[in-house]
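So for the sequence shown, the numbering used here puts the first residue at 961; every next one is plus one.
Beta carbons: idealized from backbone N, C-alpha and C, even for Gly.
In what follows, a single structure is set out as structure tokens and then discussed.
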Amino acid sequence: MSTRLASGGRHLDRNTSVTFEFNGRKLKGFKGDTLASALLSNDQILVGRSFKYHRPRGIVAAGPEEPNALMNLGENGHFEPNARATTTEIFSGLTAQSQNHWPSLDYDVGVVNNYASRFMPAGFYYKTFIHPRPAWKHVFEPFIRKAAGLGKAPKERDADTYEHFYAFVDVLIVGGGVAGLLAAERAGKAGAKVLLLEQSAHWGGRAPVDGAEIEGRPADAWVTNTVHALENMGNVTMRKRCMGAGVYDHGYALGYERLTDHMAPSTAPRHRLWRIRAKHIITATGAIERPLSFAGNDVPGVMLAGSVRDYVVNYGTSVGDRTVVVTNNDDAYRTALILKDAGLDVPCIVDARPHGGGALMEKAKAEGIRVETGKAIAKVKGGKRVEGVALCAQAGEGAVLEEIACDAVAMSGGWSPVVHLWSHCGGKLIWDDAHAHFRPDPAKAPTGADGKGFVSVVGIANGAMNTAECLTDAVKGTNTVLTDLGFSPKRTAAPKAAEEPETPMAAVWKMPQGASYKLRSKMFLDYQNDVKVSDVQLAAQEGFESVEHTKRYTTLGMATDQGKLSNINGLAILADSLNAEIPKVGTTTFRPPYHPISMGAIAGEASREIFQPIDKTPLHQWGEDNGAHWEPVGHWRRAYCYRKPEESVEQAVNREVKAVRDSLGLLDASTLGKIIVKGPDAGKFLDMMYTNMMSNLKPGKCRYGLMCSENGFLSDDGVAARIDDDTWLCHTTTGGASRIHAHMEEWLQTEWWDWKVYTANLTEQYAQIAVVGPNARKVLEKLGGMDVSKEALGFMEWKEGKIGGFDARAFRISFSGELSYEIAVPASQGRAFWDALMEAGQEFNVTPYGTECLHILRAEKGFIMIGDETDGTVIPQDLGLHWALSKKKDDYLGKRAQQRDHMTDPNRWKLVGLETVDGSVLPDGAYAVADGTNENGQRNTEGRVTSTYYSANLDKGIAMGLVLNGPDRMGEVITFPKVDGTEVQAKICDPVFYDKDGEKQNV
């Protein structure tokens, strides 16, 4: 049985007892325990069930590579599924539940799948759930959906908080083992700005566990001294419990820091996502031990030998009283020696190599441990825990030579460097035949924009397989990086480490070599997904020769494992089945993150009220204080109207509409997009963006323009102003600023990448106020400063200067048909300028107005509104905007699309005005009906309402709409059904209802 040892446990505080809960049982551990070590100390060997067959599963590893011990942690708002017990530190009050079973962990009805496993091999679902067809929807799919997944989805809102942190460093070092610490020390002493990340709660990696000696001292002492030195360097930042999650282009990397997972829920942030820019990235991520493939290697109690060692040394926990060690390399002998030193029994070391190991084997024999060379485990006896093993010859077919009683098996199939971060951004791998693993190819590093490598690997992650080699490699690799970055590292030798010669390992991919199908069908490669040796062989037999195809056919290395334990063994079995070399088969693609990270960390602070932050103009608070009735427009909140006490929304809108036409109105237009386009090729670029010419616009002039998608449909509109010879300011709709900026950048970066053009979205840098109405010029002249007379500032012109002492840019443009100026001032001056206008405008009955008044004023003039008159299927020609389509240039975005047959169809609906016969307001979006019915028995339609309002100025309902052959049917009356079953008649008319000659805007 597994239990707590009387002494030992370098990570434990034995003076602090911790009570936690597992599946409703109260258990005890010590401060410093992981959930895995605490469960093992309480003899909780069974921790979960496998995904497909629901076989009993125990703890296999001690780190993030653990495939089985996935837990539902916490309760209510602190609930988290699929948390690894091996990386979860316990605290008082922690609650954990095992996953993927019903009704209980010990008695799971899903285990019936295991007894039918011969009928459920790899890919069986591709062949099984086809016939009968109706059964898929009503039987198979509901059953599969219910069975899918391991953990439970949270049902309550996440109560924790998360944050993002940005860091800019010279060197990012991922991995806090001896190689990473030494690299950080060298870089720090050279003057580089360094960030060092370690995923666990402790520095030093495996060296202290394995009994390494550095500079004649235990590795623990060297680690402590080095950490102390680093902590005293102001240019070095060190973070524990922080995983290097991913490496991306341009030296960008993500770090995932678990800030408070090791303590009871608090108000402090739980996780922090580090967003890092580094000139160079060094990965010192170590290696992961591989399992061996033998029948029953998934029985709870079969564990990686290095992890068994971790639990004894780090946590004072024995995984069993009698542990059989099975290996193909010398490293596992260290586990046997440590178990023996802890007073535990090791009945046998089973070494698959014909001649066994070297000095470590002799040491084990000297300790009285039996060693069997050239042998293998034929099968493991036991169901929910190990009861014994059957030995056989490795070169044979599995004939049992002997059975040994034991309650744990420590296996070691060699070590695989952690190459994930190296591979995330294109780093290539080479096969190391001596150690039977892939390691980074230094000649094919991930490269940056300059063509140079920006990621390096040091230590065991680079294939340096002992402590001495590891330290030497760390110094060599770090010095090279520092020199390339322009630093001058000291050329001192690496710390000396005691070397223990090892006998070469043997590549053993299955035990025994000639195992029968019966044995191979119980050899598990992927513990989580129940992928066996026989499954990979079946995939090869059925023609899945690509490693990526085999992965998807068998699910090998998918889900949270991502190939950490299963990858190399699976590749080797596939290569053997294809009679190919492992390097020829290749590897699957490593993608970030290295280890799952929380959705909360990805979102950071973007949750609850700032999940989608509300954009507010500099005048927002004035609106709050003065009766603004808000409406969402994109991410902005704009005033729909400004209500006075005892006034309805409708009354407020009607008052504003009349006040603007009669005297003076002010509109907060700050939300309109303002995009600077600058550069020698800016004019050529804007000629492609807009349907009309912009390159011939003179500085100081403005021009209304349309933008279309490449499919020809109207996308946005606005006024462009030429600032100087190579600079334009492009105004967009409120909801279009970010979209149009992204649209511009997409074309510049993917199609016209060699054009010299720079764009910047300055929307939030300015407050913009529309001063509108017959008295607009008077109020600006009252403030003083810039000459805004008709002669000095004509229609569709702009000027820069001072108005009332404010830095201002005045645009003589109108979206209302009235005398109008749009004044842009720096956002910091926006509120003061508004207040000055309000004060100066008192004698003119100044009236702030909102978006509904804006809509009515523009509809009275027949001006279109993107999103009302357009819906993604409308082209400029539908709206009578032929005049805005330049005939002077060869091309613009959408031009060719507008020449397609469908776009030139004379029966496309066209824009017209609509007036109800009885003066009422047409329902928004209503369709005009025509004679006859369609195939579905519905009435045919011949048009629809795009905008409809009550005009207080005209005292009647007005509307705009798209109607079949509309411009040719002026005066004709058409019918619009209403939702209450009644109908309303409307006459087709000119869309300009007010001041048809445009005299008011030109005064």
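Own chain, CB closer than 7 Å to residue i, minus 5 neighbours either side, in chain order
i, result
"Asp1884", "Val1905 and Thr1908"
"Val1331", "Ile1309, Asp1311, Gly1316, Met1321, Ala1324 and Lys1325"
"Ser1476", "Glu1357 and Gly1358"
"Glu1757", "Gly1660, Lys1661, Cys1662 and Arg1772"
Residue i vs residue j beta-carbon contact at 8 Å
i, j, result
"Gly1018", "Gly1261", "yes"
"Asn1060", "Tyr1013", "no"
"Met1746", "Ala1784", "no"
"Pro903", "Thr1121", "With the chain covering only 961 through 1963, there is no way to say anything about residue 903."
"Ser1372", "Ala1292", "yes"
"Gly1474", "Glu1357", "yes"
"Phe1550", "Ser1416", "no"
"Gly968", "Ala1302", "yes"
"Leu1006", "Lys1344", "yes"
"Pro1543", "Trp1391", "yes"
"Thr1694", "Gly1678", "no"
"Val1183", "Ala1152", "no"
"Thr1548", "Val1507", "yes"
"Gly1276", "Arg1166", "no"
"Leu1853", "Cys1601", "no"
"Ala1368", "Thr1283", "yes"
"Ile1337", "Val1286", "yes"
"Val1731", "Leu1797", "yes"
Other residues of its chain near residue i: CB distance less than 8 Å, five sequence neighbours each side excluded
i, result
"Glu1460", "Ala1319, Leu1320 and Asn1426"
"Gly1119", "The question names Gly, but residue 1119 in the sequence shown is Ala. Here the set comprises Asn1036, Gly1037, His1038 and Pro1225."
Reduced DSSP category for residue i - H, G, I as helix; E, B as strand; rest coil
i, result
"Cys902", "Coverage of the chain is limited to positions 961 through 1963, which leaves residue 902 absent and any answer about it impossible."
"Asn1274", "helix"
"Met926", "With the chain covering 961 to 1963 only, the question about residue 926 has no answer from this structure."
"Val1196", "strand"
"Ser1675", "strand"
"Cys1430", "helix"
"Pro1592", "strand"
"Gln1728", "strand"
"Pro1605", "coil"
"Trp1182", "helix"
"His1014", "coil"
"Gly1148", "helix"
"Phe1414", "coil"
"Ile1824", "coil"
Per DSSP, the bridge partner or partners of residue i
i, result
"Gly1873", "Met1920 and Cys1949"
"Arg964", "Thr1277"
"Leu1264", "Met1371"
"Gln1057", "Asn1032"
"Tyr1650", "Met1667"
"Cys1366", "DSSP output for Cys1366 lists no bridge partner at all."
"Gly1903", "Ala1888 and Val1923"
"Asp1628", "Ile1729"
"Asn1721", "Ile1635"
"Phe910", "The structure shown has nothing for residue 910, since the chain only spans 961 to 1963."
"Thr1908", "Ala1919"
"Ser1376", "Ile1248"
"Leu1214", "Gly1206 and Arg1235"
"Phe982", "Arg985 and Ala1056"
Distance between beta carbons of residue j and residue i, contact taken as under 8 Å
i, j, result
"Arg1232", "Leu1219", "6 Å"
"Ile950", "Ala1139", "Because the chain is modelled from 961 through 1963, residue 950 falls outside the range shown and cannot be assessed."
"Asn1913", "Tyr1954", "7 Å"
"Ile1133", "Ala1244", "6 Å"
"Phe1254", "Met1465", "With a Cβ gap of about 17 Å, Phe1254 and Met1465 do not count as contacting."
"Gly1423", "Arg1399", "4 Å"
"Tyr1887", "Thr1901", "5 Å"
Beta carbon proximity, residue i to chain D, threshold 8 Å
i, result
"Gly1474", "The chain labelled as chain D is not found in the depicted structure, where only one protein chain is given."
Contact set for residue i: own chain, Cβ-Cβ below 6 Å, skip 5 residues either direction
i, result
"Leu1498", "Pro1081 and Ala1082"
"Thr976", "Lys991"
"Leu1157", "Val1134, Arg1199, Cys1202, Gly1204 and Gly1215"
"Ser1675", "Met1667, Cys1668 and Ser1669"
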